[in-house]
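Have a look at the structure below, then the notes.
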Amino acid sequence: MDERNWNTLLNPPSAINIDLVREFYANAMPIKDQQYSFTTMVRGIALDFGRDAINEYLGNPYQLEG
């Protein structure tokens, strides 16, 4: 797990604000007939939770070959 830098996933924060979690998921719902964007709004701030954003949060453990 250390090699993949997954400690962040294995040891998540213990303090959770349930209102923020609900707002995240409520605003992450797809809009009918539109492509899913992997972006949500929480307290007026746009949050990207796409593949690249998660990879960056984890310290870029996944590098595409190219």
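Here full-length UniProt numbering is used: the first residue of the sequence shown is 1, the next is one more, and so on.
From the three backbone atoms N, C-alpha and C, an ideal C-beta is built for every residue, glycine too.
query, result
"Taking 8 angstroms as the threshold, find out whether the stretch 3-23 comes into contact with the stretch 39-59 through three or more Cβ pairs.", "yes"
"Between which residues of its own chain and residue 28 is the CB-CB distance below 7 angstroms, once the five residues before and five after are set aside?", "40"
"Just the C-alpha distance for residue 5 and residue 59, rounded to the nearest angstrom, thanks.", "7 angstroms"
"Helix, strand or coil for residue 48, going by three-state DSSP, please let me know.", "strand"
"Give the list of continuous alpha helix (DSSP H) stretches no shorter than 4 residues that lie fully inside the UniProt domain \"Putative plant transposon protein\" (3-59).", "7-10, 18-27 and 51-57"
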